[in-house]
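>
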Amino acid sequence: MRSLASNETVVKEGTFLYDGEIECDIRIVHSPVRYGSGDHEDPPEVENDLAQSTFYIQYGSTTERAVFNSGGGGYPTLAEAVAAAAASPGIGSTIRWRKSANAEA
Numbered sequence: 001m002r003s004l005a006s007n008e009t010v011v012k013e014g015t016f017l018y019d020g021e022i023e024c025d026i027r028i029v030h031s032p033v034r035y036g037s038g039d040h041e042d043p044p045e046v047e048n049d050l051a052q053s054t055f056y057i058q059y060g061s062t063t064e065r066a067v068f069n070s071g072g073g074g075y076p077t078l079a080e081a082v083a084a085a086a087a088s089p090g091i092g093s094t095i096r097w098r099k100s101a102n103a104e105a
């Protein structure tokens with residue numbers, strides 16, 4: 001289960017359909033850190049963590065609600081993270097975002 005770090009906040013939540021019928025959770029998390037790869041073969045700007053506002057997409061489990069076991073991204077804006085989620089093959093068109101007071105996109 002992917003828990004939030006103390007410096008991360010959920011900024012957008014919703015659901016998507018896996019295989020066209022299994023409802024799963026999706027969320028976008030804001031972090032003040034752009035996490036690096038940690039791979040010594042990558043250039044320093046990719047290898048190392050950087051203090052930079054970043055948005056990550058987290059996908060919920062297909063078997064257990066509220067468990068986030070997959071994710072990706074590292075987007076500089078919420079709008080870019082939302083667009084990337086919408087472009088996800090097989091599920092992007094099924095995403096339904098919940099309305100929230102702090103939603104920007």
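According to the working numbering, the sequence shown is numbered sequentially starting from 1.
Where a beta carbon is used, it is the ideal one built from N, C-alpha and C, also for glycine.
1) Compare the beta carbon distance of residue 65 and residue 15 with 7 Å and say whether it is the shorter of the two.
2) Determine the extent of the beta strand (DSSP E) in which residue 17 is found, giving its start and end residues.
3) Could you pull the DSSP bridge partners for residue 91 from this structure?
4) Can you tell me whether residue 4 is helix, strand or coil according to DSSP?
5) May I have the straight-line CA-CA distance separating residue 91 from residue 26, to the nearest angstrom?
6) Please state whether DSSP places residue 47 in a helix, a strand or coil.
7) Is the beta carbon of residue 57 closer than 7 Å to that of residue 28?
From the atom records:
1) Here residue 65 is taken as the residue at index 65 of the sequence shown, counted from 1. Here residue 15 is taken as the residue at index 15 of the sequence shown, counted from 1. No. Outside cutoff.
2) Residue 17 sits at position 17 when you count from the first residue of the sequence shown. Run containing residue 17: 9-18, per the beta strand (DSSP E) assignment.
3) The residue you call residue 91 lines up with position 91 of the sequence shown. Answer by DSSP bridge pairing: none, since residue 91 is not bridged.
4) Numbered from its first residue, the sequence shown carries residue 4 at position 4. DSSP places residue 4 in coil when its eight states are reduced to three.
5) Position 91 of the sequence shown, counted from the first residue, corresponds to residue 91. Position 26 of the sequence shown, counted from the first residue, corresponds to residue 26. Cα to Cα, residue 91 sits roughly 11 Å from residue 26.
6) Counting from one through the sequence shown, the residue named residue 47 turns up at place 47. Three-state DSSP puts residue 47 in a helix.
7) Position 28 of the sequence shown, counted from the start, is the residue given in the question as residue 28. Position 57 of the sequence shown, counted from the start, is the residue given in the question as residue 57. Using a Cβ distance threshold of 7 Å, residue 28 and residue 57 count as a contacting pair.
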